[in-house]
Amino acid sequence: MLLYITADDVFPSDSPRKRGARPLHTIPETVAGLYDLGLRHHVRGAVMKLWKDGSLEAVPDWKLDRLAIRTAIFGRERLGLEPGHRVGVFGRLGSLWPVVDFAAMGFGLASVGLEHDLSDDELVSTLAAASTPVAFATDAASAERLLSLRSTGRLTGTTIVAAGIAAREGQMPLEMLVDQGGTLDTAERAQSFRAFSRQIGPEGEALWHVGPGERVVLTHRTAMAAIEAMLRARPVQEGDVAYLDGPRVTLQMRLAIAAFVGDGRTTVALGREERAAEDMKALCPHKVLASGPWLAAVCRDRGPRWPLGLDRPWARRRLLEGLGGRLRWVEVESPVDARTAGALAAAGVGLEVRDGSPRAPDSVN
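Residue numbers in the sequence shown follow the numbering used here, run continuously in steps of one, and reach 450 at the last position.
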């Protein structure tokens, strides 16, 4: 059973209140509606956990909610964004991905996700094809690439938003957007944004996702079919933590973030590049989205040494402990060797191998 809060209890985002979980019998038709439900009730301790200066920072859901709303309001009132427009988000895994996705889709825009290792030609052609007035960079290296393309005249007509960049024509520091968005963030504007997000139609364009040699465009209906399958197949439990392996942000990862945020209970923990074993030990997650090589590397580092002993109970216990001790489910996007897969199954950990493309079953029980 999927735990959730009833949609009838609407509380101001800046006045968190606790309520018990109730069954969600009807899942929203749009990703915008799912985000709206997931972020407005505040029953979990944190919606995200981020690494900052070597320690974990817990982000309450009301804070993520306000940041997304301020981004949407600023985009509408200062950057001229209108429903039907598209905005880009480019770079490595970071908290800006769900912020831009929520802000864009909640205001009737499509969020164009660009994986961090796209070539310059793919970046330029995608942003041109999507006609994006604004593109957000999630990390310094990605911001530098966008600014370089702009300086050489290959990226025109797109305002670049990123942390730590200078304020000048065609580029805006993220800090300025958040600060000025805060001055615009009145209760009336926030409620207007929420009301608008609940009116988005399921046939509207929700998101693009572009990786090397791949371009996928999903409507809200198509995206929600895949998200609903995740929610039905893996019901949330109290206190769930989901770990996302960086740095690549795939389409499946974006849909999973929507599912985790939208279920109202799961805390999403974003991983650090090449520090997965440390992350797993610190977080002890219940769910993991990762690559196949990442899984094998973590098992080698924290579990029994390859290729010895995975068929023995004590070895499987060590493997599970190395993966955090509470793991119920792992989803990877590249093949896993048979011994690892067998050890996970014997330890009671569910494993799904995907190719990165969303799949929605014909019917969901």
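Just so you know, even glycine gets a beta-carbon here, dropped at the ideal spot from N, CA and C. Source: prediction; values computed, not measured.
Exercise. Is the segment 165-172 in contact with the segment 248-265, if contact means three or more CB pairs nearer than 8 Å?
Worked result: no
As an exercise, report each continuous alpha helix (DSSP H) stretch of at least 4 residues that is fully enclosed by the segment 189-253, in chain order. 205-215 and 225-236
**OP:** Look at the Cβ atom of H85, then the Cβ atom of D422, and state whether they are nearer than 8 Å.
**Re:** With the chain covering only 86 through 450, there is no way to say anything about residue 85.
Can you find the residues in the same chain that come closer than 6 Å, C-beta to C-beta, to A117, ignoring five residues on each side of it along the sequence? Here residue 117 refers to the residue found at position 32 of the sequence shown. Only M190, G191, S282 and I285 meet the Cβ criterion.
- prompt: Within 10 angstroms of its Cβ, does S236 collect 16 or more other Cβ (buried), or is it exposed?
  reply: For the purposes of this step, residue 236 is taken as the residue at position 151 of the sequence shown. Exposed.
Please report the distance separating the alpha-carbon of M257 from that of L194.
Locating residue 257 in the sequence shown gives position 172, where the first residue counts as 1. Locating residue 194 in the sequence shown gives position 109, where the first residue counts as 1. Looking at the two C-alpha atoms, the distance is approximately 20 Å.
query = From this set, G249, V185, L232 and S216, which residue's C-alpha is nearest D205's C-alpha?
reply = What you label residue 205 is simply residue 120 of the sequence shown in a count that begins at 1. Minimum Cα distance to D205 is reached at L232.
**Prompt:** Secondary structure at A432, three-state DSSP: helix, strand or coil?
**Reply:** In the sequence shown, residue 432 corresponds to position 347, counting from 1. Residue state, collapsed to three classes: coil.
Discussion item. Assuming V346 is part of the alpha helix (DSSP H), what are its boundary residues?
Written reply: Position 261 of the sequence shown, counting from 1, holds the residue named residue 346. Taken as a continuous stretch (DSSP letters only), the alpha helix (DSSP H) holding V346 covers L336 to G347.
Given a threshold of 16 other Cβ atoms within 10 Å of its Cβ, counted over all protein chains shown, does D186 qualify as buried or as exposed?
If you number the sequence shown from 1, residue 186 lands on position 101. Looking at its Cβ environment, which holds 16 or more other Cβ atoms inside 10 Å, D186 is buried.
Neighbourhood of T304 by C-beta distance below 8 Å, restricted to the same chain and skipping five residues each side:
Here residue 304 corresponds to residue number 219 of the sequence shown, with the count starting at 1. Closer than 8 Å at Cβ, skipping near neighbours: P287, E288, G289, E290 and A291.
Note to self: Would you call the segment 265-281 in contact with the segment 134-149, where contact means no fewer than 3 C-beta pairs closer than 8 Å?
What the structure shows: no
Assuming contact is defined by CB atoms lying nearer than 8 Å, are L329 and L436 in contact in what I supplied?
Here residue 329 refers to the residue found at position 244 when the sequence shown is read from its first residue. Here residue 436 refers to the residue found at position 351 when the sequence shown is read from its first residue. Not closer than 8 Å, so no.
For the structure I just gave you, are there three or more beta carbon pairs, one from the segment 149-160 and one from the segment 310-326, closer than 8 Å? no
Please say whether A215 and W136 have beta carbons closer to each other than 8 Å? If you number the sequence shown from 1, residue 136 lands on position 51. If you number the sequence shown from 1, residue 215 lands on position 130. Going by C-beta atoms, W136 is not nearer than 8 Å to A215.
| field | From A153, V415, T211 and R129, residue whose alpha carbon lies closest to that of V295 | value | Sequence index remark: in the sequence shown, residue 295 carries index 210 (1-based). Ranking the options by Cα distance to V295, first place goes to T211.
**OP:** Pull up the distance between the alpha-carbon of A222 and that of A341, whole angstroms please.
**Re:** As a first step, residue 222 must be located in the sequence shown, where it is residue number 137. As a first step, residue 341 must be located in the sequence shown, where it is residue number 256. Spanning the two alpha carbons is a distance of roughly 21 Å.
Tell whether a beta-carbon distance below 8 Å holds between V526 and L164. A question about residue 526 goes unanswered here, because the residues of the chain that appear run from 86 up to 450.
Given that a residue counts as buried once 16 or more other Cβ atoms are within 10 Å of its Cβ, and exposed if not, what is D150? What you label residue 150 is simply residue 65 of the sequence shown in a count that begins at 1. It counts as buried.
Exercise. Could you pull out every residue in the same chain whose Cβ sits closer than 7 Å to the Cβ of V412, ignoring the five residues on either side in sequence?
Key: Residue 412 sits at position 327 when you count from the first residue of the sequence shown. Note that residue 412 corresponds to Leu in the displayed sequence, not to Val. Cβ neighbours of L412 beyond the five flanking positions: P370, H371, V373, L405 and V434.
- Item | Neighbour-count burial assignment, P332, 16 or more Cβ in a 10 Å radius | Indexing the sequence shown from 1 puts residue 332 at position 247. Per the 10 Å Cβ criterion, buried.
- Evaluate P392 with the Cβ neighbour count: other Cβ atoms within 10 Å of its Cβ, from every protein chain shown; 16 or more gives buried, anything less gives exposed. Looking up residue 392 in the sequence shown gives position 307. Only weak support is given to the placement of P392: the predicted model assigns it a pLDDT of 44, under 50, and the question is left unresolved by the model.
Item checked: Distance, S419 Cα to S376 Cα -> For this step, residue 376 is matched to residue 291 along the sequence shown. For this step, residue 419 is matched to residue 334 along the sequence shown. The alpha-carbon atoms of S376 and S419 are separated by roughly 6 Å.
Q. For V353, which residues of its own chain have a beta-carbon under 7 Å away from its beta-carbon, when the five flanking residues on both sides are left out?
A. Residue 353 sits at position 268 when you count from the first residue of the sequence shown. Cβ within range, chain order: V132, M133, A327, L329, I342, F345 and V346.
Quick one, which of L199, H201, E200 and G173 has its alpha-carbon nearest A188's?
As a working mapping, residue 188 is identified with position 103 in the sequence shown. For A188, the nearest C-alpha among the options comes from G173.
Does DSSP put T271 in a helix, a strand or coil? Position 186 of the sequence shown, counted from the first residue, corresponds to residue 271. If DSSP states are grouped into helix, strand and coil, T271 belongs with coil.
What do you get for A252, buried or exposed, if any count of 16 or more other CB atoms within 10 angstroms of its CB means buried?
As a working mapping, residue 252 is identified with position 167 in the sequence shown. A252 is exposed by the Cβ-count criterion.
| field | Rounded straight-line distance, which links the Cα of P113 to that of E315 | value | Within the sequence shown, the letter at position 230 stands for residue 315. Within the sequence shown, the letter at position 28 stands for residue 113. Looking at the sequence itself, residue 315 is Met, so the reference to Glu does not match. Distance between the alpha carbons of M315 and P113: 14 Å.
Can you look up G139 in the DSSP assignment and give me helix, strand or coil? Within the sequence shown, the letter at position 54 stands for residue 139. Note: G139 maps to coil in three-state DSSP.
Whole angstroms is fine: what's the gap from A280's alpha carbon to T425's? Counted from its first residue, the sequence shown places residue 280 at position 195. Counted from its first residue, the sequence shown places residue 425 at position 340. Taking the straight line from one Cα to the other gives about 47 Å.
What are the start and end residues of the alpha helix (DSSP H) that includes R151? Along the sequence shown, read from residue 1 onward, the residue named residue 151 stands at position 66. Counting along the chain, the alpha helix (DSSP H) containing R151 begins and ends at D146 to E162.
So G176 and D224 are supposed to be a Cβ contact under 8 Å. How far apart are they, rounded? Here the question's residue 176 lines up with position 91 in the sequence shown. Here the question's residue 224 lines up with position 139 in the sequence shown. At roughly 5 Å, the Cβ-Cβ gap stays under 8 Å, so G176 and D224 are in contact.
message = Would A367 and V383 be called neighbours here (beta carbons separated by less than 8 Å)?
response = Taking the first residue of the sequence shown as position 1, residue 367 is located at position 282. Taking the first residue of the sequence shown as position 1, residue 383 is located at position 298. Taking 8 Å as the Cβ cut-off, A367 and V383 do not qualify as a contacting pair.
* What does a CB cutoff of less than 8 Å around D121 pick up in its chain, not counting 5 residues either side in sequence? -> Residue 121 sits at position 36 when you count from the first residue of the sequence shown. Closer than 8 Å at Cβ, skipping near neighbours: P113, G191, R279, S282 and R283.
Segments assigned beta strand (DSSP E), at least 3 residues, entirely inside the segment 255-327 = 256-258, 290-296 and 299-304
field: Rounded separation between S227 and H201 - CA only
entry: Position 142 of the sequence shown, counted from the start, is the residue given in the question as residue 227. Position 116 of the sequence shown, counted from the start, is the residue given in the question as residue 201. The alpha-carbon atoms of S227 and H201 are separated by roughly 7 Å.
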